[in-house]
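> Position one of the sequence shown corresponds to residue 170 (the numbering used here), numbered consecutively onward. I'd like to ask some things about the structure below.
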Amino acid sequence: MADHPVILVTGASRGIGAAVVSWLAAVGAGVAMVARSAAKLDALAGEITGLGGTPLILAGDIASADFCARAVARTHATFGRMDALINNAGTFEPVALTADAEPEAWQRALAVNLLGPFYLSRAALPALRTRQGRIVNVSSGAATRALPAAGAYCVSKAGLNHFTRVLAAEEPAVTSVAVRPGVVDTDMQALIRRKGPTAMPAEQVAFYRRLKADGLLEPPRIPARSIAWLALRAPSAWSGKFLDYDDPELHQPALDFFGERPGN
Ligand SMILES: NC(=O)c1ccc[n+]([C@@H]2O[C@H](COP(=O)([O-])OP(=O)(O)OC[C@H]3O[C@@H](n4cnc5c(N)ncnc54)[C@H](OP(=O)(O)O)[C@@H]3O)[C@@H](O)[C@H]2O)c1
């Protein structure tokens, strides 16, 4: 393990996070996998080992500062180092217009999408500094676009982008970037198609449904490859930036590094 990178990935149980972990396993990384569903993480662990990675399962809720501190401490205790943190876990809910949204639902969204990354970054910074490590915050186009009925999501992702800039300003030894993964064929998109009609404008719902029907959603492995590459190789000059997963300056080196892989 001595020369293999160690990376903590949140939201590792499915979707983009599970695909990120697969790419990292293929280069022999130690991967600390965070999500609430222990059963799903357990089910993935064998696959990660088979690909050449070393999994560490950390089941819990990133809305808890205590859990986040323990997750980082266990990662360090298990592997003896930590090279990167990928803040990927997120929630799209509540799907509700501002006038109708429950305060508790907004609090929950901000706790998962913004406070979780803060708790984990805060806990990981001492270890990341010693490794000249990286923080990759998985953001969204919603950080800069106003989506009706997704206020808490938009605001939390905008906050995550600015948190990335603050980290870059405060921590010169750590490279911190935010990345937009595109529109990706995961449970989150299924939720938008299912719950969107309760509160979103009809044309917005139609847009998301058409992307699925026309096969235009990205498979998770494509943005995941860019995200995994950022965790391993993002240049320090990029610290503070909000990147597009398909920007050729990111997509091409990620493709050169990891190659192609079929499936999701
Ligand atoms: N899919 C898209 O089109 C899209 C577009 C733009 C940005 N993104 C961003 O990409 C990231 C990944 O999205 P995805 O599409 O892969 O979502 P997803 O399929 O819904 O998966 C979300 C992951 O986060 C975990 N998670 C959720 N809440 C958690 C919590 N409180 N504590 C710990 N883990 C938690 C889930 O596992 P458990 O349920 O087991 O906890 C799951 O592993 C998110 O940050 C999302 O905002 C996605």
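Heads up, the beta-carbon is just placed ideally off N, CA and C, and yes, glycines get one too.
Take ALA403 and list the residues in its own chain whose beta-carbon comes closer than 8 Å to its own, dropping the five residues that flank it on each side.
Excluding positions up to five away in sequence, the list reads ARG303, VAL305, THR344 and VAL346.
> I need the straight-line Cα distance from ALA258 to GLN358, nearest angstrom please.
Looking at the two C-alpha atoms, the distance is approximately 14 Å.
> Quick one: Cα of VAL190 to Cα of LEU225, how far?
Using only the alpha carbons, I get a separation of about 11 Å.
> Out of GLU418, PRO263, GLY180 and PRO295, state which residue places its alpha-carbon closest to the alpha-carbon of LEU316.
Ranking GLU418, PRO263, GLY180 and PRO295 by Cα distance to LEU316 puts PRO263 first.
> Would you give the residue range spanned by the beta strand (DSSP E) that GLY199 belongs to?
From DSSP, the beta strand (DSSP E) with GLY199 extends over 199 to 204.
> On the criterion of 16 or more Cβ atoms from any shown chain inside 10 Å, does SER182 qualify as buried, or is it exposed?
So SER182 ends up on the buried side.
> Please report the distance separating the alpha-carbon of SER290 from that of ALA232.
SER290 and ALA232: Cα-Cα distance of roughly 13 Å.
> Just list the residues that DSSP pairs VAL353 with in beta bridges.
VAL353 is bridged to GLU387.
> If you run the structure through DSSP and keep just helix, strand and coil, what is ASP413?
The answer is strand: DSSP assigns ASP413 an E or B state.
> Tell me which same chain residues have a C-beta within less than 6 Å of the C-beta of TYR377, skipping the five on either side of it?
Contacts found: ILE361 and ARG362.
> Assign ALA342 to buried or exposed, taking buried as 16 or more other Cβ atoms, counted over all protein chains shown, within 10 Å of its Cβ.
Classification of ALA342: exposed, given that the 10 Å Cβ count is below 16.
> Give every residue of the same chain whose Cβ lies closer than 6 Å to the Cβ of ARG334, excluding the five residues on either side of it in the sequence, and list them in chain order.
Correct list, in chain order: GLY409.
> Should GLY199 be listed as close to ligand 1, given that the test is whether its C-beta is under 6 Å from any heavy atom?
Not so, every heavy atom of ligand 1 lies at least 6 Å from the Cβ.
> How close, in whole Å, do the beta carbons of VAL175 and MET251 come, if the pair is a contact with beta carbons under 8 Å?
About 5 Å; that satisfies the 8 Å criterion.
> Below 8 Å on the Cβ atoms is my guess for TRP192 versus ALA382; work out the distance and round it to an integer in Å.
TRP192 to ALA382, Cβ: 28 Å. No contact.
> Using the rule of at least 16 other Cβ atoms within 10 Å of the residue's Cβ for burial, across every protein chain shown, is ASP425 buried or exposed?
With fewer than 16 other Cβ atoms within 10 Å, it is exposed.
> Starting from VAL305, trace the beta strand (DSSP E) in both directions and tell me its first and last residue.
Start and end: 303 to 307.
> Could you spell out where the beta strand (DSSP E) holding ALA253 opens and where it closes?
Counting along the chain, the beta strand (DSSP E) containing ALA253 begins and ends at 253 to 256.
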